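Undergrad:
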Amino acid sequence: MNTRNLITNLILIVVLAANLIGQDKTDNASQKTLKEAYAGKFLIGTASDLNGLSEAELNNVKEQYDVLTPENCMKPQPLHPWETFYNFGRADSLVEWCQQNDVKIWGHTLAWHAQTAPWFFQAENPINEETTSLPKPRRRNWDPNAPRLTMAEYWRRSITGEMASREVALERLEKHIKTVVGRYKGQIIGWDVFNESIADSGDCTTENLRDWSWYSVVGPDVLTKAFQWAHEADPDAQLYYNDYNIEQGAVENKGKHASSMVLLKRLIDEGAPITGVGIQGHWHLDTDLADVEKAIENYASLGLRVAITELDVTATGDNSGAFGVRQGDRTIPEENYQKQAEVYKALFEIFMRHADVIDRVTFWGVSDSRSWRWGQDALIFDGELNPKPAFKAIIDVSSK
Ligand code: GLA
565 MNTRNLITNL
575 ILIVVLAANL
585 IGQDKTDNAS
595 QKTLKEAYAG
605 KFLIGTASDL
615 NGLSEAELNN
625 VKEQYDVLTP
635 ENCMKPQPLH
645 PWETFYNFGR
655 ADSLVEWCQQ
665 NDVKIWGHTL
675 AWHAQTAPWF
685 FQAENPINEE
695 TTSLPKPRRR
705 NWDPNAPRLT
715 MAEYWRRSIT
725 GEMASREVAL
735 ERLEKHIKTV
745 VGRYKGQIIG
755 WDVFNESIAD
765 SGDCTTENLR
775 DWSWYSVVGP
785 DVLTKAFQWA
795 HEADPDAQLY
805 YNDYNIEQGA
815 VENKGKHASS
825 MVLLKRLIDE
835 GAPITGVGIQ
845 GHWHLDTDLA
855 DVEKAIENYA
865 SLGLRVAITE
875 LDVTATGDNS
885 GAFGVRQGDR
895 TIPEENYQKQ
905 AEVYKALFEI
915 FMRHADVIDR
925 VTFWGVSDSR
935 SWRWGQDALI
945 FDGELNPKPA
955 FKAIIDVSSK
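For my numbering, count along the sequence shown from 1 and bump the result up by 564.
Structure below.
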């Protein structure tokens with residue numbers, strides 16, 4: 565081999581080696597788990613009750629995530645279906661599994677208008693104190709010509725007999741919150757205290773609270789009191805207000821965002837021990853990302869921490885915190901998954917820019933087959949737990 569060839573070969577070897585090292589670096593980066601990638605920035609979470617998860621899914625939860633939100637079992641209805649009966653079984657098992665596997669727990673949710681048993685609001689709960697059975701479902705008359713009920717009317721119909729007084733309802737909520745938060749004191753890092761209090765359309769200049777459930781039986785001060793009771797029961801727990809679409813209108817200070825600012829300012833003024841605000845993050849391919857960023861900035865300007873609490877970005881159709889959205893095409897074109905990866909990437913770039921105020925980013929489900937948006941492929945692992953393009957995009961953002 566002459567000197568020229570030797571030099572050419574040497575250069576080739578150096579270039580090849582550099583490529584291999586580069587390749588290795590990329591592979592290593594994409595092999596990082598979510599929680600490794602975002603360590604020191606914010607916690608990464610997922611949501612599940614854990615029941616029925618396969619070994620592979622359980623492994624995925626402990627490998628990828630710092631924190632778990634119980635999807636249903638700590639909501640008022642499943643946890644406290646009747647005044648004299650708490651159903652702690654599933655929640656206790658979840659807490660035990662998380663402790664054994666070094667996964668933190670986020671409590672969801674102490675008070676809500678949905679998934680809350682009617683007994684909280686009934687003047688009388690005529691049931692034998694000894695019984696632990698659930699109230700019987702009442703027969704419904706499915707008359708197609710019946711006028712459509714408003715949510716408030718529908719809810720009123722679920723209540724048997726007279727409505728409880730404000731005092732009685734408050735006493736029940738206080739007991740519920742103190743019992744539940746007290747039971748898991750020191751074991752749960754924080755709670756969504758109130759969920760989804762703001763109605764979907766309003767004048768943007770008021771809190772625009774829903775006109776039924778806790779808000780009609782007690783009134784707006786129910787939120788402040790709930791925060792105080794939760795704080796008394798576990799002074800170290802972080803306490804959040806959680807809602808969907810509350811980023812909408814942030815850039816122009818309109819819509820649900822404007823209402824959320826009015827509500828949060830009032831809670832702070834009234835001395836509610838509130839740590840932060842949970843933006844649920846049920847988003848889609850055309851979500852307005854400027855609103856997301858501005859909402860985070862606005863909440864931080866109130867001195868609040870922020871979490872993204874129920875993140876999913878549908879690969880087809882709409883998304884929102886409410887049920888019944890347009891679901892989109894059943895067959896999802898490949899390019900939608902690329903678009904989905906871009907949206908997730910842009911979102912995590914925003915989260916990284918505001919990592920100093922963000923505590924936690926939680927995905928609402930373990931995989932596309934464990935999602936309330938089933939069929940819209942909104943998560944970052946497919947039904948077989950394979951990482952989707954969005955997974956890699958999110959990992960890549962962490963190393964920038
Ligand atoms: C809301 C609630 C969640 C869950 C979803 C649907 O976002 O906060 O607990 O019920 O709706 O899964």
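The beta carbon of each residue, even a glycine, is placed where N, CA and C say it ideally should be. In this text, all values refer to a predicted model and were calculated from it rather than measured experimentally.
What three-state label does DSSP hand P642 in the structure shown?
TA: Helix, per DSSP.
Undergrad: Which residues in the same chain have their Cβ closer than 7 Å to the Cβ of K561, if we skip the five residues on either side of it in sequence?
TA: A question about residue 561 goes unanswered here, because the residues of the chain that appear run from 565 up to 964.
Undergrad: Return the first residue and the last residue of the alpha helix (DSSP H) that V757 is part of.
TA: Run containing V757: none in the alpha helix (DSSP H); it sits in the beta strand (DSSP E), 754-759.
Undergrad: Scan the region 652-693 and note each continuous beta strand (DSSP E) run of 3 residues or more that stays entirely inside, going in chain order.
TA: You should have 668-676.
Undergrad: Assuming T743 is part of the alpha helix (DSSP H), what are its boundary residues?
TA: 730-747 is the extent of the alpha helix (DSSP H) around T743.
Undergrad: Given that a residue counts as buried once 16 or more other Cβ atoms are within 10 Å of its Cβ, and exposed if not, what is W676?
TA: With 16 or more other Cβ atoms within 10 Å, it is buried.
Undergrad: Write down every uninterrupted run of the alpha helix (DSSP H) in the region 809-855 whose length is 4 residues or greater and which is fully enclosed by it, in chain order.
TA: Those alpha helix (DSSP H) runs which fall completely within the region 809-855 and span 4+ residues are 819-833.
Undergrad: By the 10 Å Cβ neighbour count, where 16 or more other Cβ atoms means buried, how is S761 classified, buried or exposed?
TA: S761 should be labelled buried.
Undergrad: Thinking C-alpha only, which one of V870, L713, S657, H918 is nearest E805?
TA: The question names Glu, but residue 805 is Tyr in the sequence shown. For the residues V870, L713, S657, H918, the minimum Cα distance to Y805 belongs to V870.
Undergrad: Which of the three DSSP states is assigned to I896 in this structure?
TA: Correct three-state label for I896: coil.
Undergrad: Are F685 and I741 closer than 8 Å when you measure CB to CB?
TA: Contact flag unset, no.
Undergrad: Consult DSSP for Q802 and reduce its assignment to one of helix, strand or coil.
TA: It is a strand residue.
Undergrad: Relative to the C-alpha of L607, which residue among E647, T851, I669, R774 is closest?
TA: Checked all of E647, T851, I669, R774; the closest Cα to L607 is I669.
Undergrad: What is the residue span of the alpha helix (DSSP H) that L868 lies within?
TA: First-last for L868: undefined, no H or E at that position.
Undergrad: How would you label T656, buried or exposed, when you count the other beta carbons within 10 angstroms and need 16 or more for buried?
TA: For clarity, residue 656 is Asp in the given sequence; the question names Thr instead. Looking at its Cβ environment, which holds fewer than 16 other Cβ atoms inside 10 Å, D656 is exposed.
Undergrad: Please list the terminal residues of the continuous beta strand (DSSP E) segment that includes L614.
TA: Premise fails: L614 is in no beta strand (DSSP E) and is neither H nor E.
Undergrad: What are the boundary residues of the alpha helix (DSSP H) that includes T788?
TA: 785-797 is the extent of the alpha helix (DSSP H) around T788.
Undergrad: Exposed or buried, D798, counting other C-beta atoms within 10 Å across all chains shown (16 or more means buried)?
TA: Buried: at least 16 other Cβ atoms inside 10 Å.
Undergrad: Heavy atom of ligand 1 less than 7 Å from the Cβ of H672, yes or no?
TA: Yes, the Cβ of H672 comes within 7 Å of a heavy atom of ligand 1.
Undergrad: Please report the Cβ distance between N880 and N900, rounded to the nearest whole angstrom; I am assuming they are in contact, meaning their Cβ atoms lie under 8 Å.
TA: This sequence places Thr at residue 880; Asn is not what is there. That pair is a contact at about 6 Å.
Undergrad: Please tell me whether T878 and R934 are closer than 8 Å, where the distance is taken between their beta carbons.
TA: No, the Cβ-Cβ distance between T878 and R934 is not below 8 Å.
Undergrad: Quick one: grab the DSSP three-state call for E874.
TA: Three-state DSSP puts E874 in a strand.
Undergrad: What does a CB cutoff of less than 6 Å around A954 pick up in its chain, not counting 5 residues either side in sequence?
TA: The answer, listed in chain order, is Q904, A905, Y908, I944.
Undergrad: Here's the rule I'm using: 16 or more other beta-carbon atoms within 10 Å means buried, otherwise exposed. How should Q812 be labelled?
TA: With 16 or more other Cβ atoms within 10 Å, it is buried.
Undergrad: Alpha carbon to alpha carbon, what distance is there between T673 and D630?
TA: Distance between the alpha carbons of D630 and T673: 19 Å.
Undergrad: Could you check the C-alpha separation between S618 and S962 for me, to the nearest Å?
TA: So the alpha carbons of these two residues sit roughly 29 Å apart.
Undergrad: Going by Cα to Cα distance, which pick from R894, R917, M916, F927 is closest to I872?
TA: When each option's Cα is compared against that of I872, the closest is F927.
Undergrad: With distances taken Cα to Cα, identify the nearest neighbour of L734 among R720, Q751, A687.
TA: Taking only the C-alpha atoms, the option nearest L734 is A687.
Undergrad: In chain order, what residues of the same chain have a beta carbon less than 6 Å from the beta carbon of V757, not counting five sequence neighbours either side?
TA: L674, A790, F791, A794, L803, listed in sequence order.
Undergrad: Between E834 and the rest of its own chain, which residues show a CB-CB distance below 6 Å, the 5 nearest in sequence each way excluded?
TA: Correct list, in chain order: T788.
Undergrad: Whose CA, out of G653, R720, T680, lies closest to the CA of W646?
TA: Per the Cα distances, T680.
Undergrad: Taking the alpha carbon of G725 as the point to measure from, which residue in P690, E717, D852 has its own alpha carbon closest?
TA: For the residues P690, E717, D852, the minimum Cα distance to G725 belongs to P690.
Undergrad: Out of A864, D876, H644, which one is the CA nearest neighbour of A814?
TA: Closest by alpha carbon: A864.
Undergrad: Just to check, is the beta-carbon of W683 closer than 7 Å to a non-hydrogen atom of ligand 1?
TA: Every heavy atom of ligand 1 is 7 Å or more from the Cβ of W683, so no.
Undergrad: Looking at Q844 and ligand 1, is the gap between the Cβ and the nearest heavy atom below 7 Å?
TA: Q844: yes, Cβ under 7 Å from ligand 1.
Undergrad: What is the DSSP secondary structure of R924, counted as helix, strand or coil?
TA: R924: strand per DSSP, three-state reduction.
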